[in-house]
Amino acid sequence: MISFRMRRVADAIFAAVLSTLAAYPITAATQPTKSEDGKPYFGGVWLIENAPRELKTLAGKAPPLKPEAAALYTKRKQAKSADDPNAQCLPHGVPRLLTASHPIQILQKPKQISVVYEANHQSRMFYLNEPVPTGDDYPDPTYLGTSVAHWNGNALLVDTVGFNDRTWLDDSGLPHSDALQVAERYELAGPDRLRVTVTITDPKTFTVPWQTQITYKRQPNLRLKEDPCAEKLWTPPPPT
Amino acid sequence: MACRVQGSAAGMGVALICLAFAGSVAAQGAAKPASPDADAPSSDPHDFDGVWFTRGYDRKFRPVEGGMPPFTEKGRKDWERNVAADKAGMPVADAPTACLPHGIPRLLASPYPIQIITVGNQMTWLHEVNRNQRFIWLDEKHPANLEPTYLGHSVAHWEGDTLVIDTTALNDKTRIDEEGITHTTQLHVVERIRKINGGKELESLITITDPVMFTKPWTTKRTYEWRPDVRIMEYACEENNRNAPVDGVTRAK
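Line by line, the protein sequences give chains X and C. Everything in the first sequence is counted per this note's numbering, starting at 1435 for the first residue and increasing by one. Everything in the second sequence is counted per this note's numbering, starting at 8 for the first residue and increasing by one.
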């Protein structure tokens, strides 16, 4: 038999729980596992497997650099990345951003697939079923370029153009020019594994287009955090 | 350098913001006409997805009923110091000057577009300005023992057709507004957002509580326009940041 007093306490707790539930109806984990349009679903949080410092071709070889680009690459390596643009918290460029060790989140919708990168709070938007910009529509150069995408069977093909030449292709300083064009092929390699095959075309830097591959593992229990990169560059004013 | 200008009245203020706080913005890539089926906003009052743009621009937050915020002595002193520093041409540097996230609620006044994307119970706000990323968790509670961050932790729930966003765990490195109202880590922000004008606008009533800076909670307001013709552009604050703070003062180089 519980006493009257205990009963009152129990009622009070029950009422408190009820009022909380009214304000915040707790629903089951409400992240989708399927796309809205029947396409393969890449949505969710992912983490890179084996983040590479130096990109290699699919055959594991060094990328086919032209002589001047090779000289620049050697110089950067000798300088031990002293002029790394990422040290200034600039956007990573592509494909370097794909190699970041921070988690990413893909927000998949039928007309736009957005990738939110935790690293230095960057994001990319892939606009579906639009032509790759050319001629008068060619975008002004940016760090992350301008991307369009389309589905080919179970693969999402992303084309990115309009890059500036201020980024590195990887952490080791692999160079590129403003003629860079990047094609990415996203496909599931198992239920919780995402494989991205990247084709890099830059006739000013490489003798031929070449490919590399990056894989990610799904992270159902991970959420993106704030990554205020510029904090390391700033001394706040003294408190008053 | 790309500066967004919205409306002639706001033009001066926006241009000033670009100079004073944007560093340099390398972009203009993604401007594209809206898709033809995007000529009407969603009729679902709970569907906020799309691109939204502050209507008008005001660098100050003021109470909806007019007058000044209900400052404590400390809050008024801080605000007066920041306003005086601005007038003297020696603005006190704050986080966005150094390309750091703007903080809540200051981010909500920014004259740059925002894309809202909802997936499951997660609402993501991608702000063009300095690439601020905000995640809002529907029907969840704040976890205990949160570390303070620039944008804090946000949970939300629906009260009818009004989305009520509750944000806490904010650090004290940002300001309430661009003009210079300050806050502490005791800041608590509640946004009450609903669609108005046939879904073409979002109205947000923002209630600010910080017992160190204000004697009582106060509420300010912002309105955002639905802009299917706008896409989020790249924003590279860190590039050629001509206004980087030196010894705590924002100096134009």
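Glycine is no exception: its CB is placed at the ideal position from the N, C-alpha and C atoms.
Item: Test item: CB-CB of X:D1599 and X:L1489 under 8 Å; Value: no
Item: Other residues of its chain near C:I111: CB distance less than 7 Å, five sequence neighbours each side excluded; Value: L158, G159, T174, L177 and V196
Item: The segment 77–95 of chain C contacting the segment 213–227 of chain C, beta-carbon criterion three pairs below 8 Å; Value: yes
Item: Neighbour flag for C:Q35 against chain X, beta carbons, 8 Å; Value: In this prediction, C:Q35 scores a pLDDT of 36, lower than 50, which makes its location untrustworthy; the coordinate-derived value is nonetheless stated afterwards. Yes, because at least one Cβ of chain X sits closer than 8 Å to the Cβ of C:Q35.
Item: Short-range partners of chain X found in the segment 132–146 of chain C, where Cβ spacing is below 9 Å; Value: L133, N137, R138, N139, Q140, F142, W144, L145 and D146
Item: Environment of C:I188 [buried if 16+ CB atoms lie within 10 Å]; Value: buried
Item: Any C-beta of chain X under 8 Å from that of C:D65; Value: no
Item: Chain X contact residues for C:I123, given Cβ-Cβ distances below 8 Å; Value: Simply none; closest approach about 11 Å.
Item: Proximity test, Cβ basis, 8 Å: X:Y1620 and chain C; Value: no
Item: Inter-residue Cα distance where the pair is C:W86 and X:T1633; Value: 53 Å
Item: Burial state of C:A95 (16 or more Cβ within 10 Å); Value: exposed
Item: Between the CA atoms of C:D65 and X:H1526 - distance to the nearest angstrom; Value: 33 Å
Item: Proximity below 8 Å, CB of X:S1606 to CB of X:T1594; Value: no
Item: Chain X contact residues for C:G167, given Cβ-Cβ distances below 7 Å; Value: Chain X residues near C:G167: none, gap ~13 Å exceeds 7 Å.
Item: Proximity test, Cβ basis, 8 Å: X:E1483 and chain C; Value: no
Item: Range of the contiguous beta strand (DSSP E) that encloses C:Y231; Value: W225 to W233
Item: Cut-off 8 Å between Cβ atoms - residues of its own chain near X:K1659, not counting five sequence neighbours on either side; Value: E1552
Item: Neighbour flag for C:Y157 against chain X, beta carbons, 8 Å; Value: yes
Item: C:R138 (DSSP reduced to helix, strand or coil); Value: helix
Item: Terminal residues of the alpha helix (DSSP H) in which C:D93 lies; Value: E80 to K94
Item: Contacts that X:W1585 makes with chain C (C-beta to C-beta distance below 8 Å); Value: Going along chain C, no residue has its Cβ under 8 Å from X:W1585, so there is no contact; the nearest lies around 17 Å.
Item: Distance between X:Q1645 and C:L209 (C-alpha atoms, nearest Å); Value: 45 Å
Item: Short-range partners of chain X found in the segment 94–112 of chain C, where Cβ spacing is below 7 Å; Value: V99, A100, A105, C106, L107 and P108
Item: Neighbour-count burial assignment, X:Q1539, 16 or more Cβ in a 10 Å radius; Value: buried
Item: Limits of the alpha helix (DSSP H) - the one that X:T1508 falls within; Value: P1501 to Q1512
Item: Residue-level contact to chain X via CB, C:V126, 8 Å cutoff; Value: yes
Item: Limits of the beta strand (DSSP E) - the one that X:S1581 falls within; Value: T1580 to N1586
Item: Under 8 Å between C-beta atoms of C:F68 and C:A105; Value: no
Item: Inter-residue CB distance, C:V171 and C:R141 (contact presumed, cutoff 8 Å); Value: Incorrect: roughly 15 Å between the Cβ atoms, too far for contact.
Item: Proximity test, Cβ basis, 8 Å: C:E245 and chain X; Value: yes
Item: Nearest residue (CA-CA) to C:H190, options C:P77, C:P52 and C:V58; Value: C:P77
Item: Close-in-space but distant-in-sequence residues of the same chain around C:D179 (CB under 7 Å, 5 per side omitted); Value: H190, T191 and T192
Item: One or two residues paired with X:K1473 in a DSSP bridge; Value: Answer is none; X:K1473 lacks a bridge partner.
Item: DSSP three-state assignment for C:L206, whether helix, strand or coil; Value: A quick correction: the sequence has Gly, not Leu, at residue 206 of chain C. Here C:G206 sits in helix by DSSP.
Item: Any chain C beta carbon closer than 8 Å to X:G1527; Value: no
Item: Residue closest to C:I239, alpha-carbon to alpha-carbon, out of C:E135, C:K207 and C:T227; Value: C:E135
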